[in-house]
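Participant: Let me give you the structure first, and then I'll get to my questions.
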Amino acid sequence: MTYSFHPEAEAEFCNAIEYYEECEKYLGYDFAVEVYSAIERVVSYPKAWQIIDNDIRRALVKRFPYGILYSSEAEEIFIVAVMHLHRDPDYWKNRT
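Shown next, in the form of structure tokens:
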């Protein structure tokens with residue numbers, strides 16, 4: 028199974044990497060590793076996380092306050108948001 032990002036989800040992921048890298052050297056790298064690890068778990072077990080809205084599920088990122096919001100298509104995981112968990116929980120809903 029493959030995965031792809033909504034363009035806005037990819038942008039917020041890159042922005043978060045930059046933010047963490049500015050906070051501390053290599054922290055952005057650590058964040059990226061944890062996000063990709065969460066994506067790998069999603070790809071391996073797409074139905075393992077609870078549905079939060081319609082067909083959108085959320086997998087949590089270890090060590091950082093982020094969640095991967097995604098839908099599981101026939102042969103692909105579509106990542107709708109790389110969401111900071113302390114922000115408006117509905118901001119991504121216009122992306123589906």
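Take any residue in the sequence shown, count from 1 to its spot, add 27: that is its number in this note's numbering.
Positions of the beta carbon are idealized from the N, C-alpha and C atoms, including for glycine.
1. Taking the straight line between their C-alpha atoms, what separation do you get for alanine 75 and proline 34?
2. Taking its Cβ as the centre, do 16 or more other Cβ atoms sit within 10 Å of arginine 114, making it buried, or is it exposed?
3. Can you look up valine 107 in the DSSP assignment and give me helix, strand or coil?
4. So what does isoleucine 66 bridge to, in DSSP terms?
5. Just the C-alpha distance for valine 88 and tyrosine 118, rounded to the nearest angstrom, thanks.
6. Buried or exposed, going by whether 16 or more other CB atoms sit within 10 Å of the CB of leucine 96?
7. Contact criterion: CB-CB distance below 8 Å. Does valine 60 meet it with respect to chain C?
8. Rounded to the nearest angstrom, how far is the Cβ of tyrosine 30 from that of isoleucine 104, given a contact under 8 Å?
9. Helix, strand or coil for aspartate 57? Go by DSSP, reduced to three states.
Facilitator: So, from the listed chains and residues:
1. 25 Å
2. exposed
3. Looking at valine 107 - three-state DSSP - the assignment turns out to be strand.
4. Paired residues: none, contrary to the question.
5. Each residue's Cα considered, the two are about 19 Å apart.
6. buried
7. The structure shown contains no chain C; it is built from a single protein chain.
8. Right, their Cβ atoms sit about 4 Å apart.
9. helix
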